[in-house]
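In the numbering used here, the protein residues as written are 94 to 751. For each residue, glycine too, the CB sits at the ideal point set by N, CA and C. Here the structure is a predicted model, which is why all the values come from computation and not from measurement. Here the structure is laid out as structure tokens; the discussion comes afterwards.
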Amino acid sequence: MLDQDQILSSLNAEQAAAVSAPANQHMLVLAGAGSGKTRVLVHRLAWLVEHDGISPYQLLSVTFTNKAAKEMRNRLETAFGMPTTGMWIGTFHGLAHRLLRMHWEAAGLKENFQVMDADDQHRLIRRIMKEHNIDESRYAPKSTQYYINEKKDALKRAHAIEPMGRKESVMHQIYTEYEAYCQKNGMVDFAELLMRVIECWQRSPELLAHYRERFTHICVDEFQDTNEAQYTWLKCLFGGDNTFMVVGDDDQSIYGWRGAKIENLMRYQQEFSPVNVIRLQQNYRSTQTILSAANAVIERNTGRMGKSLWSDRGEGEPLAVYNAFNEIDEAHFVVASIQAHIERGRQANEFAILYRSNAQSRVMEEALMMSGTAYRVYGGMRFFERQEIKNTLAYCRLLMTPEDDTAFERIVNTPARGIGERTVQIIRETAQIEHLSMWESAKRLIQSQTLTGRAQNALMRFIELMTTCQVLIDDQPLAEQVETIIHQSGLWSMYQQDKGEKAQAKRDNLSELVNAAQSFKQSPEDDEIAPMMSFLSHAVMEAGEVQADVHTPAVQLMTLHSAKGLEFPVVFIVGLEERLFPTFNAMDDPDKLEEERRLCYVGLTRAMEKCYLCHAESRQQFGKTSLMRPSRFIREIPQEMKRAVRMQSTIRRPALRH
DNA sequence: TCTATGGTGATTTTT
DNA sequence: TCACCATAGA
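Pasting the structure below:
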């Protein structure tokens, strides 16, 4: 264990002030980009334990991503040798899930409730719409999904909503049905996790009192990203005696469109008053020029809490602005510049190409591919979201919870076994009329004479298959269960029949799933639950990036959104054009425009040494060529911080199409 | 049940 | 343009 002086020794004055503030004082740490906020958070927790004699058992630390939660736990253990077993560190959703597993009864859930991901939710909504004969082309399931999540994030149940107009009435009706269906079948979506816990606490004050007393110190990361539900969740835990430290940056709030409320920062200041506000403005990442440019852009926003980053890393170079002829020319410029840097000794992994929308990656990829530069695109399909993985997990789910109709529908005919749409429809209808699960009605149907002989046979074989599986996996360890299911279900042979790299990749992923099950460690609090149930929840909540060959250095391609929290020596921000970035939708909405500006600020502050800004005069969009005007964000950077540049390579490729 | 074809519509996505 | 669907026909 380190002593108190050592905890403070590596910090600057503001960081030290935040870390060593009195233990009973609420704090708001406004942490600029690259100002060491995780450092402050971790050191604060260590300080509370060391200096104030707080037990880790009394600490609660909330983050948004699993990655951030993992990093925090790691750093506490490695830097301070702090035992974190009794400490609650996790994401809002992860912690809520844990609470619901412990208090499922008080929360009015089934013991074996299942967590749905966005895809499951989408399928379920579509199914409900079909059942009610709602025309999908007139009412997009996606908008209904969005509607439901928006309401849930704002803690609004269907019965508490007065729908306005025809369209909302339809969506509201689906919401009502959806709610009832989830309750009946023990399905819980992401928003529900938080909402349930809040309702449960509000209903059982003794339960809430227990957690209020237990968690004397609560830390929250990325507070600017909290939505209504998350704020209320935290507010519930505030009992008057415990102390909060929230860390955030109003200038980096870029998830307003997902319900994040930047106002929560101000609200926190009022509702937890008095709050000690500390600003971390020294940046340890970028050159002063890059920071001045970022400051100049973000200063245009109104209603900021006020902050200005500075650095002692020297002036550095001006930002390079490239005016491309079109998006292909832009990509060639980026690649040529990267190669010029590499020739001067940089590694491929020191570069990031950031764009507003994923569609922009394609042209970049083509140019990188042609030049033979290694690259990696972030934000693709995640491991547990892949089709073959979800199919396998659906078998697992159906075996664990036969009432899981979503799982049933997904795999009843995957691989194809002669149970067509007509048969499924009959099962669905029977289930609806008899108030049964699809699995139950399928079992009944094979006893009756409702189906044609062929369909009845196929269905019978499916039910036998599942029953056999159930017996086989009964006392197997988790990984073997998964393996049994992959083979018994016929999924393995299905992907074996398909030739080509795609099928091979799918088989590899299935093997990887067995490995994931093998190395899955059930958390000790979950020991009451079947390992498979924990594993399924884990799969939903930690969908996991695909970490393909992280060892070869590669240029990183990602959206500006997914770059938040990362840093790179050299950053290219591409497509800086009006109606692309800022996006067309933000053009006549001042609030959206400010969010775009914050996104630009996030992008600029990713760069450590060198930042390139690119825009094209014309760009192919949706099959049409449009003329583009340079983004206002380029103009908002003072002239003396920028320099116009040309193609860096001697082998200039023709930029014209065809 | 599989495959071909045509219509549609198109940011950002921590859980 | 292109990817994702839903539907029609084999």
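Would you tell me roughly how many angstroms separate the C-alpha atoms of E306 and K483, rounded to the nearest one?
Cα to Cα, E306 sits roughly 40 Å from K483.
Please report how far the alpha carbon of A524 lies from the alpha carbon of Q238, in whole angstroms.
When rounded, the distance between both Cα atoms is 24 Å.
Given that a residue counts as buried once 16 or more other Cβ atoms are within 10 Å of its Cβ, and exposed if not, what is A598?
That one is exposed.
I think T499 touches D314, with their Cβ atoms under 8 Å apart; what is that distance to the nearest whole Å?
Not quite, the Cβ-Cβ distance comes to about 33 Å (not below 8 Å), so this is no contact.
By how many angstroms is the C-alpha of D497 removed from the C-alpha of P176?
So the alpha carbons of these two residues sit roughly 39 Å apart.
Can you tell me whether K203 is helix, strand or coil according to DSSP?
Note: K203 maps to coil in three-state DSSP.
Where do the N-terminal and C-terminal ends of the alpha helix (DSSP H) with I311 fall, by residue?
Taken as a continuous stretch (DSSP letters only), I311 belongs to no alpha helix (DSSP H), being part of the beta strand (DSSP E) at H310 to V313.
How is N105 classed by DSSP in three states: helix, strand or coil?
Residue state, collapsed to three classes: coil.
Can you find at least 3 beta carbon pairs, one from the stretch 471-483 and one from the stretch 670-686, that sit closer than 8 Å?
Not touching, per the Cβ criterion.
Just reading off the beta strand (DSSP E) that Y705 is part of, what are its end residues?
That run of the beta strand (DSSP E) goes A700 to Q714.
Take R490 as the anchor and find which of F628, E170 and E729 has the nearest alpha-carbon.
Closest option to R490, Cα to Cα, is F628.
Terminal residues of the continuous alpha helix (DSSP H) containing P298?
Start and end: P298 to R307.
Give every residue of the same chain whose Cβ lies closer than 7 Å to the Cβ of P149, excluding the five residues on either side of it in the sequence, and list them in chain order.
Closer than 7 Å at the Cβ level, and outside the excluded window around P149, lie V142, M175, P176, T177, G179 and M180.
Should M367 be labelled buried (16 or more other beta-carbon atoms within 10 Å of its own) or exposed?
The residue you asked about is not Met; residue 367 is Pro in the sequence shown. Result: exposed.
Taking only three categories from DSSP, how would you classify P617?
Residue state, collapsed to three classes: helix.
Determine the closest residue to E670 out of R503, G187, A424 and S724, with distance taken between C-alpha atoms.
Among R503, G187, A424 and S724, the Cα nearest to that of E670 is on S724.
Output yes or no for whether 9 Å exceeds the beta carbon distance between A126 and N376.
Yes, the Cβ-Cβ distance between A126 and N376 is below 9 Å.
For L673, which beta-bridge partners are listed by DSSP?
DSSP lists T676 as partners of L673.
Just how far apart, CA to CA, sit Y448 and M701?
Straight-line Cα distance between these residues: approximately 18 Å.
For a minimum of 4 consecutive residues, which ranges assigned as the alpha helix (DSSP H) are wholly contained in the stretch 187-265?
With a minimum length of 4 residues, the continuous alpha helix (DSSP H) runs that stay inside the stretch 187-265 are 211-224 and 234-246.
Assign I526 to buried or exposed, taking buried as 16 or more other Cβ atoms, counted over all protein chains shown, within 10 Å of its Cβ.
Exposed is the call here.
Kindly give me the distance between the Cβ atoms of N369 and H119, rounded to whole angstroms, as I take these residues to be in contact under 8 Å.
The Cβ separation is near 7 Å, so the contact holds.
Alpha carbon to alpha carbon, how far is A247 from M264? Give it in angstroms, no decimals.
For M264 and A247, the distance between alpha carbons rounds to 16 Å.
DSSP three-state call for K735: helix, strand or coil?
Strand.
Output the boundary residues of the alpha helix (DSSP H) element that contains S464.
Looking at the DSSP string, the run of the alpha helix (DSSP H) that includes S464 is S454 to S464.
When you compare the CB positions of A548 and V575, do they come within less than 9 Å of one another, or not?
It is not a contact, given that the beta carbons lie outside the stated cut-off.
Anyone know if the C-beta pair for L169 and L138 falls short of 9 Å?
It is a contact, given that the beta carbons lie within the stated cut-off.
Report the partner residues of Q649 according to the DSSP bridge assignment.
Beta-bridge pairing links Q649 to A445 and R469.
On the criterion of 16 or more Cβ atoms from any shown chain inside 10 Å, does K614 qualify as buried, or is it exposed?
K614 should be labelled exposed.
Measuring CB to CB, does H708 end up less than 9 Å from N416?
In this structure, N416 lies closer than 9 Å to H708 by Cβ.
Using the C-alpha atoms, what's the distance from C329 back to E502?
Answer to the nearest angstrom: the Cα atoms are 39 Å apart.
Y471: which of L384, Q374, L544 and H654 sits nearest, CA to CA?
Considering only alpha carbons, the answer is H654.
I'd like the list of long-range same chain contacts for F661, defined as Cβ closer than 8 Å, with 5 residues on each side in sequence excluded.
Within the same chain, F661 has close Cβ partners E443, F444, A445, Q649, R699, A700 and M701.
With DSSP run on the structure shown, which of helix, strand or coil describes I717?
Per the sequence shown, residue 717 should be read as Lys rather than Ile. If DSSP states are grouped into helix, strand and coil, K717 belongs with the strands.
In chain order, what residues of the same chain lie with their CB nearer than 8 Å to the CB of Q317, ignoring the 5 residues before and after it?
Excluding positions up to five away in sequence, the list reads G341, D342, D343, Q345, S346, A353, I355, N357 and L358.
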